[in-house]
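The C-terminal position of the sequence shown is numbered 163 in the numbering used here, with every residue numbered one higher than the one before it. Glycine included, every Cβ here is placed at the ideal spot set by N, Cα and C.
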Amino acid sequence: MVFFSLYLVFSKTYLLRFRDYPRAYLTMVFFALIAIAVNLIFKTTDMMFLNTSNGMPFSFLLYDYNRLVYYVFMAILAFIALAIPFVPFVFRKKNPVI
């Protein structure tokens with residue numbers, strides 16, 4: 066999935082637009098909610114590091130505070146990580162599409 070997405074961007078089949086960011090973020094949150102539900106229902110391994118945070122450097126948030134603090138932090142982290150590809154389009158001077 067990652068390589069196909071990169072192919073679309075690098076081949077210029079799909080051109081990133083800043084207004085696509087909210088849809089991309091909401092899609093990621095939707096799949097995170099599905100992963101949380103599947104983990105709870107089927108007692109599966111920790112998909113997306115959202116239930117037990119095994120191996121995550123931020124697992125102390127889950128264990129020292131609570132699950133809500135950990136989920137909010139992960140949502141903010143996802144917001145920042147997903148924004149990285151869109152940053153050049155904010156500062157682009159030629160034909161800005163916002």
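Whole-number beta carbon distance between residue j and residue i, since they are thought to touch under 8 angstroms
{"i": "residue 105", "j": "residue 116", "result": "7 angstroms"}
{"i": "residue 73", "j": "residue 79", "result": "4 angstroms"}
{"i": "residue 119", "j": "residue 129", "result": "Incorrect: roughly 16 angstroms between the Cβ atoms, too far for contact."}
{"i": "residue 148", "j": "residue 86", "result": "7 angstroms"}
Same chain, Cβ closer than 7 angstroms to residue i, neighbours up to 5 away in sequence not counted
{"i": "residue 109", "result": "103"}
{"i": "residue 101", "result": "115 and 116"}
{"i": "residue 133", "result": "none"}
Selected residue, minimal CA-CA separation from residue i, among the options
{"i": "residue 139", "options": "120, 153 and 94", "result": "94"}
{"i": "residue 141", "options": "67, 97, 77 and 112", "result": "97"}
{"i": "residue 156", "options": "83, 100 and 76", "result": "83"}
Sequence-distant residues of its chain with Cβ nearer than 8 angstroms to residue i (five each side left out)
{"i": "residue 81", "result": "74, 150, 151 and 154"}
{"i": "residue 107", "result": "none"}
{"i": "residue 67", "result": "none"}
Beta-carbon proximity list for residue i, same chain, < 6 angstroms, skipping 5 on both sides
{"i": "residue 121", "result": "114"}
{"i": "residue 90", "result": "147"}
{"i": "residue 124", "result": "118"}
Bounding residues of the alpha helix (DSSP H) (the contiguous stretch that carries residue i)
{"i": "residue 139", "result": "132-148"}
{"i": "residue 93", "result": "86-107"}
{"i": "residue 151", "result": "Where residue 151 is concerned, there is no enclosing alpha helix (DSSP H), given that its DSSP letter is neither H nor E."}
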